[in-house]
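Those sequence lines, one after another, are chains A and B.
The first sequence maps to residues 350 to 791 in this note's numbering.
The second sequence maps to residues 72 to 404 in this note's numbering.
Below you'll find the structure, written out as structure tokens, and then a few comments.
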Amino acid sequence: MAKDKSKKVDKNKSTDVDYMSIKEERRISRENRKVMKQFEAVKNRKNVDESEYLAVMKDPNNVVEFDNLHTYFFTDVGVTKAVNGVSFNIPAGKIVGVVGESGCGKSVTSLSLMQLVQGPVGQIVEGSIRYTSSEGKTYDIAKMPREDMRQIRGREIAMIFQEPMTSLNPVFRIGEQLDEALALYKPEYSNEELKNRSIEMLEMVGIADPDKIYRNYPHELSGGMRQRVMIAMALICDPRLIIADEPTTALDVTIQAQILDLLRSVKDKINGSIMLITHDLGVIAEMADYVVVMYAGKVIETGTIREIFKSPKHPYTIGLMRSKPSLSTMNERLYSIPGQVPSPVNLPDYCYFCNRCDFSFDHCEAEYPEMTEFSPTHKAACFLYEERFADRHLDLPALSKAISSGAEAEAARSIPSGFVDLQAILAAESAASAVASESEEA
Amino acid sequence: MGKYIAKRIGLAVIILIGVSLLIYMLSMLMPADYIDNQTAAAVQNGSMTLEDVMRLKELYGLADKSFVGILKGYFTWMTSALSGDLGFSFLYGRPVTSVIGKYVWISFTISLIAYLLQIAISIPMGIKAAVYQYSGYDYSVSVFAMAATSLPSFFLAALLMNVLSIQLGWFPLQGLTTATRIFPAGFTFAKLVDMAWHLVLPIMTLTLLSIGGLMRYTRTNMLEVLNSDYIRTARAKGLSESVVINKHAFRNTLIPLVTTLSGLLPGLFSGAMITETVFAIPGIGYMALRATQQGDIPFVMGYNMFLAILTVTGMLISDLMYVVVDPRVKITK
Ligand SMILES: Nc1ncnc2c1ncn2[C@@H]1O[C@H](COP(=O)(O)OP(=O)(O)O)[C@@H](O)[C@H]1O
Ligand code: SF4
Ligand SMILES: [Mg+2]
């Protein structure tokens, strides 16, 4: 019902967003208030029977399944469709990288999973987020009342944010903020035990002087140190899933590498999954097992790291790869995808990438493309690969020869963060095949 | 820290010197002073000549209105003010310091009670309005606060007098004690009750006038804090909403509130001129208004200097409170 309403808002609006009469603005804000109130009421219910939000996983190996998630912001200029039908899975024990230009809905997707979308303006209006807890029960987080969601935050799913400088409360000491998180999880602990465990965690994330840091205020630490503290805080309750939303974007390059190393070692320790959000393909190449590429609130390509780096399909994914600096293209001008992301308030009803796509053809403006499957794990939403257009012999986008002939997942892992080094990928690829043929001979 | 305070006090002294010079000049330039007012009738009926008036003025140092004359007068005033002597009030016939010392306490009592009520009412209201932003509560509280703040004090006072005193007869209309009752000298409980009864309406007026501003201030600050990243972190940890709001958010909202409110403390001594006058409460504000109307220059000077000192002290306290409540603020100089 809410969705119908928001659609109506869009249709009634003149095509020119810049001009909006006061009357229209009032009507939008009145309708928004009504919709927001309904959603808030549902979320604030108490003593809801668990059966209302129990769900069943499509694949029991997954920890999280996003299924057609829609998260909208009911703002005064209209409905912002920040997340507009996102589906992907996070398998147990894997790192899933989510990439895309800034503003394409990565953060809102992850905040939806934590039920932390800025209310009452932001609401999950449709779809489900299935999550299997450590007790083996599967919940639909999109339907979960706020009160019950608290049991999942922190102890089941923890989050590391982009801005370490502002993510810690400035008026409490580091120790207090860590103890507080742990106390929720281990209410039986004494203050002494809480403190010992917190200091242990600080040590684990590579803080040299944990006793001192424990007593410090956040402003007394550097950005890198604060991010370490945030990681310690995320780990302190042994979560099954860690969401890292651009954990290194705000840091210096050298510190970035350290924090990524830390995250990788963390993953081995907790034996859980990580949802790693970034706009940096280099970081993805280094860390992720699976890649989800987002554009304007939708997933446009998913695949294993090998599939995405070796044979990216969607013109946007290829554009992203071409726009990364690399050794082999060092002397050339850096490529950037021309044009801009469409406004999430006025999305077209055809391929969102159309206005920027070098390969678009007549049908691209007719409807929004469905996902085409290339392998059980690899899918992309682009008409170029649909069966029905096969006889038109369309030009297909491809990485330059050097890239497309290489790019194995293992090779990708050895890429230093910050850029995709195509030469290294190539070298590692040939080495890998040499090893493979040797072992075959033996 | 000690060095910082010393520096700030030095600065305050400079400000006070500037302020006193300004007030002195303005007072001297008032079109009619106390002597003009007192002798106007006598001059009119001829029992006094203008020369007599000038002689009187000469005697009180009010005759020379040239720039140099005013400066000379200022230095004379300043020298004695530094030794604690603010001169003699024409109107009240007593030293200015003793008039202030006598009437300031009733003003302070009224203001202090109104101040405490204001804090107790508007801070919880502002926080609730921020937490339930856009709710019915938020809108109605905002409208009420805006309405109460925008009413002029004399109007609100007259409204309360009309309804609660004249029509309903719940509270006395004016004054500090019932004029028709005679109380024995010294302190008695009956007298205290009678005074308290008389102070209800003035205190209500002052409280109603101030809660709007403080409520809006609390709401704005709380909203800003609630939108900050560390509140999202607190929620992400799984803390309950009450801990998030009452501990993490409130502790941060407290920083601007404590500094602003502590800065207002000295101002409690300054008196509420209009409200005291409307209710005929003999507080310092009421006395000052009368003195100003009569052109009682020594009292006007003394009272305004008193206000200036209170204001400067308030600013100093406010700055120092920052160091106390915000761990990020450190004094390095
Ligand atoms: N609190 C908010 N209010 C309104 N719109 C928002 C809010 N937060 C995010 N958005 C919108 O959602 C879209 C996606 O944002 P986000 O998920 O933060 O992008 P990113 O991929 O860079 O993390 C943006 O276009 C933004 O306009
Ligand atoms: S569907 Fe058309 S416009 Fe969209 S990405 Fe594919 S080719 Fe480009
Ligand atoms: Mg983001």
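Every residue gets a Cβ at the ideal spot worked out from N, C-alpha and C, and that includes glycine.
Neighbouring residues, chain A, relative to G207/B (Cβ below 8 Å): For the purposes of this step, residue 207/B is taken as the residue at position 136 of the second sequence. Within chain A, no C-beta atom comes nearer than 8 Å to that of G207/B; the closest sits roughly 10 Å away.
Minimum Cβ-Cβ distance from R322/B to chain A less than 8 Å: As a working note, residue 322/B is residue 251 in the second sequence. Yes - at least one Cβ of chain A is within 8 Å of the one on R322/B.
As assigned by DSSP and simplified to three states, the class of A219/B: Within the second sequence, residue 219/B is the residue found at index 148, counting from 1. Looking at A219/B - three-state DSSP - the assignment turns out to be helix.
Alpha-carbon to alpha-carbon, T384/B and P337/B: Residue mapping note: residue 337/B aligns to position 266 of the second sequence, counting from 1. Residue mapping note: residue 384/B aligns to position 313 of the second sequence, counting from 1. Rounded to whole angstroms, P337/B to T384/B spans 7 Å at the Cα level.
Buried versus exposed call for I80/B [16 or more other C-beta atoms within 10 Å across all chains shown]: Here residue 80/B corresponds to residue number 9 of the second sequence, with the count starting at 1. By the 10 Å Cβ count, I80/B comes out exposed.
Chain B residues whose Cβ lies nearer than 8 Å to that of T515/A: Counting from 1 along the first sequence, the entry for residue 515/A is found at position 166. The contacting residues are S299, D300 and Y301.
Whole-angstrom distance between K486/A and A530/A, CA atom to CA atom: Within the first sequence, residue 530/A is the residue found at index 181, counting from 1. Within the first sequence, residue 486/A is the residue found at index 137, counting from 1. Going by C-alpha positions, A530/A is about 23 Å away from K486/A.
Within-8 Å CB hit, A351/A to chain B: Residue numbering aside, residue 351/A sits at position 2 when the first sequence is read from its first letter. Interpretation of A351/A is limited by its pLDDT of 41, a score under 50 that renders its predicted location unreliable; no figure is taken from the coordinates.
Neighbourhood of T278/B by C-beta, 6 Å cutoff - its chain only, sequence neighbours within 5 removed: Along the second sequence, read from residue 1 onward, the residue named residue 278/B stands at position 207. Excluding sequence positions up to five before and after T278/B, its CB lies within less than 6 Å of the CB of A185, L188 and Q189, all in the same chain and listed in chain order.
Cβ-heavy atom distance, G449/A to ligand 1, below 7 Å: If you number the first sequence from 1, residue 449/A lands on position 100. Under cutoff, so the answer is yes.
Cβ distance (whole Å) where P691/A is taken to contact Y701/A below 8 Å: Stepping through the first sequence from its first residue, residue 691/A is reached at position 342. Stepping through the first sequence from its first residue, residue 701/A is reached at position 352. Contact between P691/A and Y701/A holds: CB atoms are separated by about 6 Å, below the 8 Å threshold.
Proximity to G454/A [Cα-Cα], best of Y644/A, A715/A, I478/A and L696/A: Locating residue 454/A in the first sequence gives position 105, counting from the first residue. Ranking Y644/A, A715/A, I478/A and L696/A by Cα distance to G454/A puts Y644/A first.
V412/A beta carbon less than 8 Å from that of T458/A: Translated into the one-based positions of the first sequence, residue 458/A becomes position 109. Translated into the one-based positions of the first sequence, residue 412/A becomes position 63. No, Cβ-Cβ distance for T458/A and V412/A is not below 8 Å.
Residue-chain proximity (H663/A, chain B), Cβ-Cβ < 8 Å: As a position in the first sequence, residue 663/A is number 314, starting the count at 1. Output row for H663/A: interface = no.
Under the three-state DSSP convention, the category P440/A falls into: The count along the first sequence starts at 1 and reaches residue 440/A at position 91. Three-state DSSP puts P440/A in a strand.
Check your reading: residues with Cβ closer than 7 Å to ligand 2 heavy atoms: This selection yields H663/A, P664/A, Y665/A, C700/A, F702/A, C703/A, C706/A, F708/A, S709/A, F710/A, C713/A, P718/A, C731/A, F732/A and L733/A.
8 Å Cβ cut-off: residues of chain B touching Y566/A: By 1-based counting over the first sequence, the position of residue 566/A is 217. Think of a sphere of 8 Å around the beta carbon of Y566/A: the chain B residues whose beta carbon falls inside it are P398 and R399, in chain order.
Which of helix, strand or coil DSSP assigns to A739/A: Mapped onto the first sequence, residue 739/A falls at position 390. In the structure shown, A739/A sits in a helix (DSSP, three-state: H, G or I).
Coil, strand or helix - I345/B by DSSP: To locate residue 345/B, count along the second sequence from 1; it is residue 274. In the displayed model, I345/B falls within a helix according to three-state DSSP.
T330/B vs S389/B beta-carbon contact at 8 Å: If you number the second sequence from 1, residue 330/B lands on position 259. If you number the second sequence from 1, residue 389/B lands on position 318. Yes. Within cutoff.
Q511/A: CB within 7 Å of a non-hydrogen atom of ligand 3: Mapped onto the first sequence, residue 511/A falls at position 162. Using a cutoff of 7 Å, the CB of Q511/A counts as near ligand 3, since one of the ligand's heavy atoms is closer than that.
For V315/B, the first and last residue of its enclosing alpha helix (DSSP H): Locating residue 315/B in the second sequence gives position 244, counting from the first residue. V315/B -> no alpha helix (DSSP H), and no H or E assigned at all.
Heavy atom of ligand 3 within 7 Å of K455/A beta-carbon: The residue given as residue 455/A occupies position 106 in the first sequence. Taking the Cβ of K455/A as the reference point, at least one heavy atom of ligand 3 falls within a distance shorter than 7 Å.
Short-range partners of chain B found in the segment 518-538 of chain A, where Cβ spacing is below 9 Å: Listed in sequence order: N518, P519, V520, F521, R522, Q526, E529, A530, L533 and Y534.
Beta carbon proximity, R306/B to chain A, threshold 8 Å: Within the second sequence, numbered from 1, the residue matching residue 306/B stands at position 235. It does; some Cβ of chain A falls within 8 Å.
Chain-ordered neighbours of A311/B on chain A, where CB pairs are closer than 8 Å: Position 240 of the second sequence, counted from the first residue, corresponds to residue 311/B. Looking at the sequence shown, residue 311/B is not Ala but Ser. In chain order, R499 make up the part of chain A whose C-beta sits under 8 Å from the C-beta of S311/B.
Beta-carbon proximity check, A201/B vs L285/B, cutoff 8 Å: The residue you call residue 201/B lines up with position 130 of the second sequence. The residue you call residue 285/B lines up with position 214 of the second sequence. A distance of 8 Å or more separates the beta carbons of A201/B and L285/B.
Reduced DSSP category for M579/A - H, G, I as helix; E, B as strand; rest coil: Taking the first residue of the first sequence as 1, we reach residue 579/A at position 230. DSSP places M579/A in the helix class (H, G or I) of the three-state scheme.
Where V466/A falls, given that 16 or more other Cβ within 10 Å makes a residue buried: Counting from one through the first sequence, the residue named residue 466/A turns up at place 117. Under this definition V466/A is a buried residue.
Close-in-space but distant-in-sequence residues of the same chain around V124/B (CB under 6 Å, 5 per side omitted): Sequence index remark: in the second sequence, residue 124/B carries index 53 (1-based). For V124/B, where only same-chain residues beyond five positions count, the Cβ hits under 6 Å are T110.
Residue burial classification, K804/A (beta-carbon count within 10 angstroms, cutoff 16): Coverage of chain A is limited to positions 350 through 791, which leaves residue 804/A absent and any answer about it impossible.
Straight-line Cα distance separating P469/A from S355/A: Position 6 of the first sequence holds residue 355/A. Position 120 of the first sequence holds residue 469/A. With a pLDDT of 43 at S355/A, under the threshold of 50, the predicted position of this residue should be treated as unreliable, though the coordinate-derived value follows. Those two C-alpha atoms are separated by around 15 Å.
Contact under 8 Å by Cβ, I506/A with A491/A: Working through the first sequence from its first residue, we reach residue 506/A at position 157. Working through the first sequence from its first residue, we reach residue 491/A at position 142. Contact: no.
Rounded distance between the beta-carbons of E656/A and T726/A, thought under 8 Å: If you number the first sequence from 1, residue 726/A lands on position 377. If you number the first sequence from 1, residue 656/A lands on position 307. That belief holds up - the Cβ atoms of T726/A and E656/A are roughly 7 Å apart, short of 8 Å.
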